[in-house]
Each structure stands twice: as structure tokens, then as C-alpha cells.
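Residue numbers (this note's numbering), protein chains in the order written: chain A, 117 to 290; chain B, 16 to 271; chain C, 91 to 498. Virtual Cβ for every residue (Gly too), placed ideally from N, Cα, C.
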Amino acid sequence: MPTMQTSRLLSSLLTAGVLALWASTTFADVTGLTIPKAKEMANPDTKCIKPVEDMRKNHMQYLLHQRDETLREGIREEKFKGESLKECIECHNAPGKDGKVARVAEREHFCNACHSFTAVKIDCFDCHADKPANSEYRHPLGDKMMTSQSGFDSKQLLNQPKLDPVAAKGDKKP
Amino acid sequence: MSDETGLNVTRRQFLGTSTALAGLAIAPGVFLTKVAHAGDTVAATEKNRWGMLIDTSKCATGCNDCVTACNKENGISGTHGPKTDAQWIRKVTLTDKQTGYVQSLPLLCQHCENPPCVDVCPTGASMKRADGIVLVDKHTCIGCRYCMMACPYKARSFIHEVLHEQKTTAPRGKGTVESCTFCVQRVDANRGEPEKSKHQDPACVEACNASGHKAMWFGDLKDPNSEIATELKKHGGQQLRADLQLNTGVRYQGIT
Amino acid sequence: MQKPRYLELEGRSAGYYLLLVILGCFIAAGLAAFVYMEHEGHWVTRMDNQIVWGTPHVFAVFLIVAASGALNVASISSVFGRAIYKPLAPLSALLALALLAGGLAILVLDLGRPERVIVAMTKYNFKSIFAWNMILYNGFFAIVLVYLWMMMERRFNKYSKVAGFFAFIWRLTLTTGTGSIFGFLVAREAYDAAILAPMFIIMSFAYGLAIFNIVVVAAYNWTHRDLGPAMLLKLRRLLGIFIAASLYFVVVYHLTNLYITQRHGIEAFILLGTGDATYMNVFWFGQILIGGVLPLLLVYAPRLQCRVSLVLASILVILGGLSQMYVTIIGGQAYPLDIFPGKIVESSFSDGIINAYSPSLPEVMLGLAGVAIALFLVVFAIKVLRILPQSLADRDVDPHYVAEKQTA
Numbered sequence: 117m118p119t120m121q122t123s124r125l126l127s128s129l130l131t132a133g134v135l136a137l138w139a140s141t142t143f144a145d146v147t148g149l150t151i152p153k154a155k156e157m158a159n160p161d162t163k164c165i166k167p168v169e170d171m172r173k174n175h176m177q178y179l180l181h182q183r184d185e186t187l188r189e190g191i192r193e194e195k196f197k198g199e200s201l202k203e204c205i206e207c208h209n210a211p212g213k214d215g216k217v218a219r220v221a222e223r224e225h226f227c228n229a230c231h232s233f234t235a236v237k238i239d240c241f242d243c244h245a246d247k248p249a250n251s252e253y254r255h256p257l258g259d260k261m262m263t264s265q266s267g268f269d270s271k272q273l274l275n276q277p278k279l280d281p282v283a284a285k286g287d288k289k290p
Numbered sequence: 016m017s018d019e020t021g022l023n024v025t026r027r028q029f030l031g032t033s034t035a036l037a038g039l040a041i042a043p044g045v046f047l048t049k050v051a052h053a054g055d056t057v058a059a060t061e062k063n064r065w066g067m068l069i070d071t072s073k074c075a076t077g078c079n080d081c082v083t084a085c086n087k088e089n090g091i092s093g094t095h096g097p098k099t100d101a102q103w104i105r106k107v108t109l110t111d112k113q114t115g116y117v118q119s120l121p122l123l124c125q126h127c128e129n130p131p132c133v134d135v136c137p138t139g140a141s142m143k144r145a146d147g148i149v150l151v152d153k154h155t156c157i158g159c160r161y162c163m164m165a166c167p168y169k170a171r172s173f174i175h176e177v178l179h180e181q182k183t184t185a186p187r188g189k190g191t192v193e194s195c196t197f198c199v200q201r202v203d204a205n206r207g208e209p210e211k212s213k214h215q216d217p218a219c220v221e222a223c224n225a226s227g228h229k230a231m232w233f234g235d236l237k238d239p240n241s242e243i244a245t246e247l248k249k250h251g252g253q254q255l256r257a258d259l260q261l262n263t264g265v266r267y268q269g270i271t
Numbered sequence: 091m092q093k094p095r096y097l098e099l100e101g102r103s104a105g106y107y108l109l110l111v112i113l114g115c116f117i118a119a120g121l122a123a124f125v126y127m128e129h130e131g132h133w134v135t136r137m138d139n140q141i142v143w144g145t146p147h148v149f150a151v152f153l154i155v156a157a158s159g160a161l162n163v164a165s166i167s168s169v170f171g172r173a174i175y176k177p178l179a180p181l182s183a184l185l186a187l188a189l190l191a192g193g194l195a196i197l198v199l200d201l202g203r204p205e206r207v208i209v210a211m212t213k214y215n216f217k218s219i220f221a222w223n224m225i226l227y228n229g230f231f232a233i234v235l236v237y238l239w240m241m242m243e244r245r246f247n248k249y250s251k252v253a254g255f256f257a258f259i260w261r262l263t264l265t266t267g268t269g270s271i272f273g274f275l276v277a278r279e280a281y282d283a284a285i286l287a288p289m290f291i292i293m294s295f296a297y298g299l300a301i302f303n304i305v306v307v308a309a310y311n312w313t314h315r316d317l318g319p320a321m322l323l324k325l326r327r328l329l330g331i332f333i334a335a336s337l338y339f340v341v342v343y344h345l346t347n348l349y350i351t352q353r354h355g356i357e358a359f360i361l362l363g364t365g366d367a368t369y370m371n372v373f374w375f376g377q378i379l380i381g382g383v384l385p386l387l388l389v390y391a392p393r394l395q396c397r398v399s400l401v402l403a404s405i406l407v408i409l410g411g412l413s414q415m416y417v418t419i420i421g422g423q424a425y426p427l428d429i430f431p432g433k434i435v436e437s438s439f440s441d442g443i444i445n446a447y448s449p450s451l452p453e454v455m456l457g458l459a460g461v462a463i464a465l466f467l468v469v470f471a472i473k474v475l476r477i478l479p480q481s482l483a484d485r486d487v488d489p490h491y492v493a494e495k496q497t498a
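Dropping the structure here:
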């Protein structure tokens, strides 16, 4: 039978634990996470992408909606240019430790970088290819060469000034 | 309920009538969704029905070009042996028990109009698209393999191992069921681009034409001007297991 | 103080805990098999693109069919008003729930993507009998739980008849659905028959009762509670009727197929072993001899009217049931599809040949784990809940019991 003292002790421990948990998640620096940079900045004209914060929060909703329309109704390129998983991966791929394009099991893979950090398991790549058709990793165009090894801090993404949009490459099919 | 103004409406009548009126006002909105989609010419529609015609007299017994092309296009490769490896199209050699006549033909998913595989799928993953292509929605497939039991042509394969090198255009993965998609990634490629009016053929048909055998046609069965429709009208084509009345999209000539 | 009619198992016996441990080992082995199969993919089993449903499904369908049959004793008491079965009604309902749980566990763990079972329970294609079965299985759990509760809760005893009636109708629908899984398939020679649904219903009576008999005799023997000859005689006679009825359905099924020329191939395969003798042996020795003829002899032989013969007959019926499922499920897939009648067919995808199959270790372990889960649930429940009647001696249960005259 817990005494008054024990139950007080237990409840204060519990409160302290909850406070610590809250503090650790609210004030934590997310520097443990390195998000590999995409190969090229999307052109706002092609509507290939939505704002970063929107994508971060809602990418699954977009993918889930798109996949049903594509698979069940056959709506592909015209409406969803750039919104299919395949198109995402065309740009969102990065070199792994061995220089070749990173596979989903590696930390350098674009999707896995965040998903392994947040411990949210994804099974997309059980079926979908996790690298683009042309598997040779290509450095991004221009002089902004950023790789996952350059100590890139994810917070910079939020604060960086607007980059010049790279001219659209046109038809990306090899 | 007030009698002074001469209205003699009970609360019940009022609520009932106003609900009915509101419903009547809103109900036609359901048709607006049709209007919203009407501008979408890029979806697959019932205006087409994709089909295939195979002339068995032109199909060479030792030739495997269609199978090789399918495997290459869709990223299918052997792993643990022919019993568990997927095969979307296979060459079948027939020997008549009575006459001894030998012939061969490719056998693939027949893309039936009344597919038993679609009927039996518990989650609706096995589906028929509006333009007649029968597909497996692998997002919903639970891997129960009931469709494989139900298919009269043994067209479906189950993926028995972890896959790594999928093609970007043909997602496939462990634990789901799959079958010939009529190379839907090719069929869809030119849709919505009017200047490219001709569809792309599936890999098997393309390979058969390239090798010179030209035993396979692919096209829109509902388009009376298409090659396949004119050929079918002229020389006919039979279904496999026609007694099941599945109205298959794949027809054969010359099975005797 | 008078002891209640139903009582939990008393005491702390080493034998009881040993039983739980043994069953737990089987469950652990099955889970290990599941992890192996799920991680590597199904290539580690001997199920393939030709035999897509193998040993796990033999066990699973057997357990599911037996589950609905195990409810029989309860139904006979509630729906048909036979008082002698009333004490055993709660155990019957419990066994039904446990067997269904075991069977479904196997099915779910064998799925290609078992993590998607939630999808299976939320997205329904209502044309699929499989989808209907999911609804029927879940509904069975709910309805039988309610039925069991009403039998156990004194205030609601008067509603148990109504609940029992619903449970009876539901379980008939469920077994019809299970039989129709095969009966609705036009593709295969061994299926595509309306008789499969009622055949499964009759077989469920036999299989469910056989398991029930073993559980009752074992429970009463091992807890040293009274089990009188009147009860045993009833169970024995029921089993005999159900075995005979099952044999009747088997005869009608095969007789019809023998009359249809188109089906001569599959009949020769199953009955005569043309091309592969396995299924002929399992059919005649397993399903008919061990599952039908021998148990009938044991049940009706006048000199063998004892507990041992009833248990033995029940075991044989179970073995016969597994044989029947093996022939139906695997034999039906082993026989090639008849896509090109009158032709000899060969291809790289096993067309035209009889498909070879033998059970692999992971499959058997998974199947046995399902059985163990069911038994574990029963063994556990009768210890903690008041389900097992204190006594089934004649004076306590037999409505026609006449006390022996007391000498003055």
C-alpha cells in the first residue's frame, strides 16, 4: 500500500519526466538530421513542387491522392507532371557513401534521411524504385555544389534567400 | 404554432418541408463532380477498350521474343527458380491428343471484361480500369492470393522474395500479386498529347513485330478503324475458355 | 455452501502449467516461422505460383470450419431445446471462439503483406466472398461473445436463447461462405460446385464435435470431475451421425463429377491417382478410411462403448478432416487448369502438368501454431472463468435420470 510520501514522490517523478520529454522535443536542435539536397531547384512555372513546409507536412497526402488517380484512373503526366513518386526521385537523389546513388537503406537517401530520424517506417520502396532510371549520380548544375557530406544544416533551408530558378530542362525523359 | 397570422404549420411539418427543400437544392450538386471531371481528357475512359490479337500460325515454336521483351521492360528476372519466379507472359506449346498437330502461342493475362480475379479480390486491389486493362493496385493488395486461385488462365504471379532492382515505370514488390499490365506505362504515355495520336505498343508486341514474326496486334477494340478491329472483323478471333463468357480482351486466331 | 454449477479449475497443478508451456512452445515456433516467412518472402516455403495455398491454409480452413461446428452443442441446447447439452453450452461457445481465433491467426500471418490486414478489414469489395467472410468472421466473434456472456451472466440467461438463435444462423452463413470460397471458383475442376457449401457445413459439424469431445474428455479426466455415460453416449451418437452425413456428401460430390465427362480428369486424379498418387492415398486412407469408416466403427461397435473409443474416434475424424482439406485445397490446385481441352500442354510456367507439392517446415509450424493458439485460449479460459461444469454425472445432467431405489 503506497504511503503518502511514496505517491508524492512518484507523481513528482512523473511530472518531471513529462516536463523533460516536452523540453527535449520543443527546444531540441535538429542538427542530428542532414537532409540531402535535391539535384536542381524546381521551377515555379512547372508547378513541380509546393513550398517546402507544405511538402514536409503534406507530402504523403499528395502522394496518396495522386497514386489512386494515376493507378485507378490512368491520369499521369499531364496533370501530375512532377508530382509522381518517380518524378520526385529524379531530382531527390544523392550519393551514398560509395559515391553511387544512395539506396533507401542508407542514411543518405533523401526519403530515408528524414524517415529514419523520425522513426516513421516507409514501405514505398518495397515496390517502387528508390533511385532514378539513370542511376549515375550527377552533380547539380551551376556552382552550388552541395552534397550530404558538406555538413549541411537543415535549418538553413528555412532561412536561405531565394535562389535563382534554374531554367526548366524541358522533357526529362532520357 | 401561431394562429394569429393564419399559418397553420406544425413544427414537424416545417422541419420536414425545409429539410426536403434543402436536400433538393443541394442534391444536383452531386452531378457537378461529373462536370468537374469532364474537362479531364487524360483519364482512361470507357471510350477505349484495349485488346490484343494473336495469330498462332505466325507464332514460331522456339521463339521467346515476347517473353524476353516483357521481362526487360518490366524488370522481371529469375531469382529462386521457375516455380516461384514471376512470369507475366509465357509461350505455351500445344500438341493435339487426337491429331498430333503442334502449335505454340503466348499466354498472358486475358484482360477479361468480367474478370474472376476482380470479383474475388477482398480489398478491391484487383481492378479493371475504365479502358479495360486489368491491374493490381499494390497499395491495397494484402497478398492473399485468392485471385491466383480464381484466374482461369493462371495469369497471375505472386512475388516470393524481396526485390531491389525495380524499374521506375513498373513498381513491383514482395508479398503482392501481379500480372501482365498491357505495359500500361506505355499505353498511357501518349494519352492527352493529341499530336502523338498513335498509342505505344506493349513490349511483347513491339518485339514480335521487330523480329519479323508479326504475330501480335495491339490496339483499341472499340475503334473500328484500328488495325486490330479491322483484322478481327475480317478474320475473327476466338477466346480461350470461351464457355466461361468472360469476354476476354485477348483473342487468338488459328487454335485447332 | 453449495458449490456453483460451473467452476474454474481449482488448485495449482504442475500438469496444467506444463500443458500451457508446451502449447506456448508451439506458438513460439509458429511465430518464428512467421517472422522468417515474412522477412524472406514466401520462397522459403514450398508454396509457389502453382500451389498458392498450402499447409497453413489446410490448417486454417480446418480450424475455421471446426470453429463453427464447435458451436453445435450450444446451438442444440439453445435453439433446439435439448436440456442435456445445456451445461456444456458455454464451453462449446468458448471453443468456437478459440478455434476461429487460431484459424484466423494462421491466415493473417500467412498473408503476403500481413501488415495490411487493417486494409482488409476496412476496404471491402462486396462482390468477393472473401470480403464477406471477413465480415462473417468478425461478426461471429461479436455474436458468440455476446451469446457466451448471456449464458454466463445470470441476469441475462433468459436472453441466451435469442442470442443462440442468431449465433446459429450466423455460423451457418459463415460456413456457407467458407465453402463458397472454393465453390464460387469457375477456374478449377475440383471447385466450381454448389455442393461445397453444404458439404462444408456438414463437415463442420463432425470436425467441431470431434475437437469438442477431446476437449471435454481430457478436461474431465485431468480435473477428476464426473463425466457420466449419458453425456458420453449423446456425444458419441452425434459424432456418428455427422460422420455418416459427411460421407454422404462426399459420395454425391464425386458421383456427380463422375457423370460429367469434363470432370473425368480430376476424378481420375483424386480417386485413382493418375499422374500423382499422393492425393489418391490421402483421400482413400486419410479422408475415407481414417476419417470416415474407422471412426464409425469405433462409435457404433457395441463392445467399444467407452471414453477411449470416443476420443480415438474423434482423433481419427480430425485426421480425416485435415486429409479432406489437403485433398480439396492442395489437390484442387495440383491438378492443371483446363485451358486447352484435348491438348497436351507444356510451357515454362507449369501449364499442363500436375504440380508437385510437399509441406515445408515453416508452413507446418505456422499451422500447428494456430492449433496451439486455439487450445491455449481454451485451457487458459477454463482456469480463470466459470465455464466448465462441476459435474456431468448422470444424476446432474440427464433429464431422464432415474435414481436407483434406496433400500430401506
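Could you list the residues in the segment 110 to 139 of chain C with a C-beta less than 9 Å from some C-beta on chain B, going in chain order? For the segment 110 to 139 of chain C, which is checked against every Cβ of chain B, the residues closer than 9 Å are Glu-128, His-129, Glu-130, Gly-131, His-132, Trp-133, Val-134, Thr-135, Arg-136, Met-137, Asp-138, Asn-139.
If we call anything under 8 Å between Cβ atoms a contact, is Thr-191/B one with Val-151/B? Along the second sequence, read from residue 1 onward, the residue named residue 191/B stands at position 176. Along the second sequence, read from residue 1 onward, the residue named residue 151/B stands at position 136. Yes, the Cβ-Cβ distance between Thr-191/B and Val-151/B is below 8 Å.
First and last residue of the beta strand (DSSP E) that includes Gly-234/B? For the purposes of this step, residue 234/B is taken as residue 219 along the second sequence, with counting starting at 1. Segment 231 to 235, the beta strand (DSSP E) holding Gly-234/B.
With distances taken from CA atoms, which of His-132/C, Ile-141/C, Ser-270/C is nearest Arg-203/C? Numbered from 1 along the third sequence, position 113 holds the residue referred to as residue 203/C. Nearest C-alpha to Arg-203/C: His-132/C.
Would you report the Cα separation of Val-202/B and Gln-423/C, rounded to the nearest angstrom? Within the second sequence, numbered from 1, the residue matching residue 202/B stands at position 187. Within the third sequence, numbered from 1, the residue matching residue 423/C stands at position 333. Cα-Cα distance, rounded: 34 Å.
Cβ closer than 9 Å: which chain B residues qualify as neighbours of Asp-194/C? Sequence index remark: in the third sequence, residue 194/C carries index 104 (1-based). Reading the sequence as shown, one finds Leu at residue 194/C and not Asp. Those within 9 Å of Leu-194/C in chain B number zero; the least Cβ separation is about 12 Å.
Using only CA atoms, which one of Ile-434/C, Leu-178/C, Asn-223/C, Thr-145/C lies nearest to Gln-414/C? Walking along the third sequence from the start, residue 414/C turns up at place 324. Of Ile-434/C, Leu-178/C, Asn-223/C, Thr-145/C, the residue nearest in Cα terms is Thr-145/C.
When the distance is taken between beta carbons, is Ala-59/B closer than 8 Å to Asp-146/B? Residue 146/B sits at position 131 when you count from the first residue of the second sequence. Residue 59/B sits at position 44 when you count from the first residue of the second sequence. Judged by their CB atoms, Asp-146/B and Ala-59/B are nearer to each other than the 8 Å cut-off.
Closer than 8 Å, CB to CB, is Gly-432/C near chain B or not? Position 342 of the third sequence, counting from 1, holds the residue named residue 432/C. Yes, its Cβ sits closer than 8 Å to a Cβ of chain B.
Distance between Lys-324/C and His-490/C (C-alpha atoms, nearest Å): Walking along the third sequence from the start, residue 490/C turns up at place 400. Walking along the third sequence from the start, residue 324/C turns up at place 234. His-490/C and Lys-324/C: Cα-Cα distance of roughly 13 Å.
Helix, strand or coil for Ile-360/C? Go by DSSP, reduced to three states. Sequence index remark: in the third sequence, residue 360/C carries index 270 (1-based). DSSP places Ile-360/C in the helix class (H, G or I) of the three-state scheme.
Which one of Ile-69/B, Tyr-161/B, Pro-239/B has the shortest CA to CA distance from Leu-120/B? Walking along the second sequence from the start, residue 120/B turns up at place 105. Considering only alpha carbons, the answer is Ile-69/B.
Secondary structure of Lys-247/A, DSSP reduced to three states: By 1-based counting over the first sequence, the position of residue 247/A is 131. Residue state, collapsed to three classes: coil.
Val-198/C versus Val-24/B: straight-line alpha-carbon distance, rounded: As a working note, residue 198/C is residue 108 in the third sequence. As a working note, residue 24/B is residue 9 in the second sequence. Rounded to the nearest angstrom, the two C-alpha atoms are 59 Å apart.
Does any CB atom of chain B fall closer than 8 Å to the CB of Cys-227/A? Sequence index remark: in the first sequence, residue 227/A carries index 111 (1-based). It does not: the Cβ of Cys-227/A has no partner Cβ on chain B nearer than 8 Å.
Option in Leu-129/A, Val-134/A, Leu-135/A, Ile-151/A with minimal Cα separation from Gly-168/A: By 1-based counting over the first sequence, the position of residue 168/A is 52. Reading the sequence as shown, one finds Val at residue 168/A and not Gly. Checked all of Leu-129/A, Val-134/A, Leu-135/A, Ile-151/A; the closest Cα to Val-168/A is Ile-151/A.
Chain-ordered chain B contacts of Arg-476/C [CB-CB under 8 Å]: As a position in the third sequence, residue 476/C is number 386, starting the count at 1. What Arg-476/C touches in chain B: nothing, since even the nearest Cβ is about 38 Å away.
For chain A, is any of its Cβ atoms less than 8 Å away from the one on Lys-143/B? The residue labelled residue 143/B in the question sits at position 128 within the second sequence. Chain A, which has no Cβ nearer than 8 Å to the Cβ of Lys-143/B, makes this no.
Can you name, in chain order, every residue of its own chain whose Cβ lies under 8 Å from the Cβ of Thr-138/B, other than the five neighbours on each side? Here residue 138/B corresponds to residue number 123 of the second sequence, with the count starting at 1. Within the same chain, Thr-138/B has close Cβ partners Thr-155, Cys-156, Ile-157.
Measure the alpha-carbon distance for Ile-434/C versus Thr-114/B and round it to whole angstroms. Here residue 434/C refers to the residue found at position 344 when the third sequence is read from its first residue. Here residue 114/B refers to the residue found at position 99 when the second sequence is read from its first residue. In a straight line, the C-alpha of Ile-434/C is about 11 Å away from that of Thr-114/B.
Under the three-state reduction of DSSP, which class applies to Arg-136/C: helix, strand or coil? For this step, residue 136/C is matched to residue 46 along the third sequence. Note: Arg-136/C maps to coil in three-state DSSP.
At the level of alpha carbons, what is the spacing between Leu-135/A and Met-164/B? To locate residue 135/A, count along the first sequence from 1; it is residue 19. To locate residue 164/B, count along the second sequence from 1; it is residue 149. Roughly 56 Å separates the two Cα atoms.
With a Cβ-Cβ cutoff of 8 Å, do Leu-30/B and Pro-167/B count as a contact? Here residue 30/B refers to the residue found at position 15 when the second sequence is read from its first residue. Here residue 167/B refers to the residue found at position 152 when the second sequence is read from its first residue. No, these two residues do not count as a Cβ contact at 8 Å.
Could you give the DSSP three-state label for Leu-427/C: helix, strand or coil? Residue numbering aside, residue 427/C sits at position 337 when the third sequence is read from its first letter. Leu-427/C falls in the coil class under three-state DSSP.
I need the DSSP call for Ser-33/B, collapsed to helix, strand or coil. Here residue 33/B refers to the residue found at position 18 of the second sequence. Three-state result, Ser-33/B: helix.
At a Cβ threshold of 8 Å, is Lys-163/A touching chain B? Taking the first residue of the first sequence as position 1, residue 163/A is located at position 47. Residue confidence is low: Lys-163/A scores 48 on pLDDT, short of 50, so the model does not pin down where it sits. Its coordinate-derived value is still stated next. No, no contact with chain B.
Beta-carbon proximity list for Tyr-214/C, same chain, < 8 Å, skipping 5 on both sides: The residue given as residue 214/C occupies position 124 in the third sequence. These residues qualify, in order along the chain: Ala-221, Met-224, Ile-225.
Using 8 Å as the threshold, is the C-beta distance between Ala-195/C and Ile-472/C below it? Looking up residue 195/C in the third sequence gives position 105. Looking up residue 472/C in the third sequence gives position 382. Cβ distance not < 8 Å, so Ala-195/C and Ile-472/C don't count as in contact.
Under 9 Å by beta carbon: chain C residues contacting Met-164/B: For the purposes of this step, residue 164/B is taken as the residue at position 149 of the second sequence. Near Met-164/B (Cβ distances below 9 Å), the residues of chain C are Val-142, Trp-143, Ile-271, Phe-272, Leu-275, Ala-277, Arg-278, Tyr-281, Gly-422, Gln-423.
Consider the Cβ of Asn-247/C: report whether some Cβ of chain B lies at a distance smaller than 8 Å. Position 157 of the third sequence, counting from 1, holds the residue named residue 247/C. Output row for Asn-247/C: interface = no.
With a threshold of 6 Å on Cβ separation, who are the neighbours of Val-207/C within its own chain once the five nearest residues in sequence on each side are excluded? On the third sequence, residue 207/C is found 117 positions in, with the first residue counted as 1. Val-198, listed in sequence order.
Going by other Cβ atoms of all chains shown within 10 Å of its Cβ, with 16 needed for buried, is Asn-347/C buried or exposed? As a first step, residue 347/C is located in the third sequence; it is residue number 257 there, counting from the start. So Asn-347/C counts as buried.
Find the residues of chain A that neighbour Asp-216/B, judging by a C-beta separation of less than 9 Å, and give them in chain order. Here residue 216/B refers to the residue found at position 201 when the second sequence is read from its first residue. None at all; the shortest Cβ gap to chain A is about 17 Å.
Pull out every residue of the segment 72 to 85 of chain B whose Cβ sits closer than 7 Å to any Cβ of chain C, in chain order. Listed by position along the chain: nothing, the set is empty.
Take Cys-162/B as the anchor and find which of Thr-76/B, Phe-197/B, Val-107/B, Cys-124/B has the nearest alpha-carbon. Sequence index remark: in the second sequence, residue 162/B carries index 147 (1-based). Comparing Cα positions, the closest option is Cys-124/B.
Pro-452/C: which of Gly-101/C, Val-111/C, Leu-345/C, Ala-118/C sits nearest, CA to CA? Counting from one through the third sequence, the residue named residue 452/C turns up at place 362. Across the set Gly-101/C, Val-111/C, Leu-345/C, Ala-118/C, the C-alpha of Ala-118/C shows the shortest separation from the C-alpha of Pro-452/C.
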